[in-house]
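Scroll down for the structure; my scribbles are underneath it.
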Amino acid sequence: MGATSASSLDREARNFPKSRASTLFLGSVQDGRETTTTATKTGQFHIMGAKALKKLSSGQNGVGAFILQCKKLDFHYCDWAGSSRGMNAFLRDQLPAFAAANPSIEITVSPRPSRHPVIKGTFINGREKAICVRNLQPMSILQKAVLLRDASGEKLKTETKPVKSINDSVRGIWSPYHSGPMTV
Numbered sequence: 000m001g002a003t004s005a006s007s008l009d010r011e012a013r014n015f016p017k018s019r020a021s022t023l024f025l026g027s028v029q030d031g032r033e034t035t036t037t038a039t040k041t042g043q044f045h046i047m048g049a050k051a052l053k054k055l056s057s058g059q060n061g062v063g064a065f066i067l068q069c070k071k072l073d074f075h076y077c078d079w080a081g082s083s084r085g086m087n088a089f090l091r092d093q094l095p096a097f098a099a100a101n102p103s104i105e106i107t108v109s110p111r112p113s114r115h116p117v118i119k120g121t122f123i124n125g126r127e128k129a130i131c132v133r134n135l136q137p138m139s140i141l142q143k144a145v146l147l148r149d150a151s152g153e154k155l156k157t158e159t160k161p162v163k164s165i166n167d168s169v170r171g172i173w174s175p176y177h178s179g180p181m182t183v
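Quick note on numbering that gives the first Met the number 0: the sequence shown kicks off at 0 and runs consecutively.
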């Protein structure tokens with residue numbers, strides 16, 4: 000209902016026939032508040048103010064805005080080990096561009112002496128995934144970082160039945176009780 004003036008609401012309430020139901024509800028919106036005027040049979044007027052509640056948004060990823068599931072990437076490296084050569088080159092050359100392209104992901108770099116280089120991803124569901132990147136080239140390490148960035152953080156599950164359907168089977172479910180007696 001559009002905004003109406005208070006005088007038009009009063010006029011409608013006064014013309015309210017006394018033989019009808021006991022109350023008449025007239026509504027208007029003024030200053031962002033919804034006002035309801037109630038007229039009773041006896042001609043008494045009551046003005047009640049009610050403020051509309053804002054609906055909290057329900058999260059659906061991909062509707063309106065997409066939220067990456069990866070919230071943090073930790074890059075661990077060793078300064079002197081040969082298996083970290085590719086990681087050191089990646090951190091020096093490609094990590095600044097990767098970090099600038101993904102501002103929603105927190106990126107930390109920390110040394111791990113005498114250990115192989117690792118990328119750890121922390122996800123918004125609380126899980127962590129780690130990928131060892133020993134002896135990899137910088138481009139391969141970038142691919143692993145993109146893989147963690149795009150991952151959902153869910154556990155990998157093996158599909159026992161790859162075909163899923165909401166419809167029932169045409170042939171029905173097999174049971175040994177449906178067939179005739181077996182002779183041995």
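For every residue, glycine included, the Cβ atom is placed at its ideal position computed from N, Cα and C. Values in this document were obtained by computation on a predicted structure and should not be read as measured data.
Determine the closest residue to residue i out of the options, with distance taken between C-alpha atoms.
i      : options                        : result
Phe65  : Asn101, Gln136, Arg111, Gly85  : Asn101
Ala129 : Ser178, Leu67, Asp73           : Asp73
Leu155 : Cys131, Ile172, Arg126, Lys163 : Arg126
Leu94  : Ser103, Asn124, Leu141, Lys163 : Leu141
Just verifying my parser: in three-state terms, what is the DSSP assignment at residue i?
i      : result
Pro116 : coil
Pro137 : helix
Ala99  : helix
Ala150 : coil
Asp78  : coil
Thr36  : Only weak support is given to the placement of Thr36: the predicted model assigns it a pLDDT of 48, under 50, and the question is left unresolved by the model.
Ala64  : coil
Ser27  : In this predicted model, Ser27 has a pLDDT of only 46, less than 50, meaning its place in the structure is not dependable; the value taken from the coordinates is given anyway. In this structure, Ser27 counts as strand in the three-state DSSP scheme.
Leu155 : coil
Lys160 : coil
Ser168 : coil
Val108 : strand
In whole angstroms, what separates the C-alpha of residue i from that of residue j?
i      : j      : result
Pro175 : Glu153 : 38 Å
Ile118 : Tyr76  : 9 Å
Trp79  : Ser113 : 8 Å
Phe97  : Leu147 : 13 Å
Ser151 : Lys70  : 11 Å
Ser178 : Ile104 : 60 Å
Val192 : Val169 : A question about residue 192 goes unanswered here, because the residues of the chain that appear run from 0 up to 183.
Ala144 : Ile165 : 36 Å
Phe89  : Trp173 : 57 Å
Asp149 : Gly81  : 29 Å
Ala99  : Gly120 : 17 Å
Pro180 : Asn124 : 53 Å
Lys163 : Gly171 : 15 Å
Ordered along the chain, which non-local residues of its own chain (more than five positions away) have a Cβ less than 8 Å from that of residue i?
i     : result
Asp92 : Pro137
Got a sec? Which residues, its chain only, sit under 7 Å from residue i by beta carbon, not counting five neighbours each side?
i      : result
Val122 : Note that residue 122 is Phe in the sequence shown, not Val. Hits under 7 Å: Gln68, Cys69, Lys70, Gly152.
Can you list, in chain order, the residues of its chain with a C-beta nearer than 6 Å to that of residue i? Leave out the 5 residues immediately preceding and following it.
i      : result
Cys131 : His115, Val117
Do residue i and the ligand MN come close, with the Cβ less than 6 Å from some heavy atom?
i     : result
Leu94 : For the structure depicted, the ligand MN is absent and the ligand set is empty, with no information on it obtainable.
Q: Pair every Cβ in the segment 155–164 with every Cβ in the segment 106–117, then say whether three or more of these pairs are closer than 8 Å.
A: no
Q) Would you call the segment 80–93 and the segment 129–144 in contact, with 3 or more CB pairs under 8 Å? A) yes
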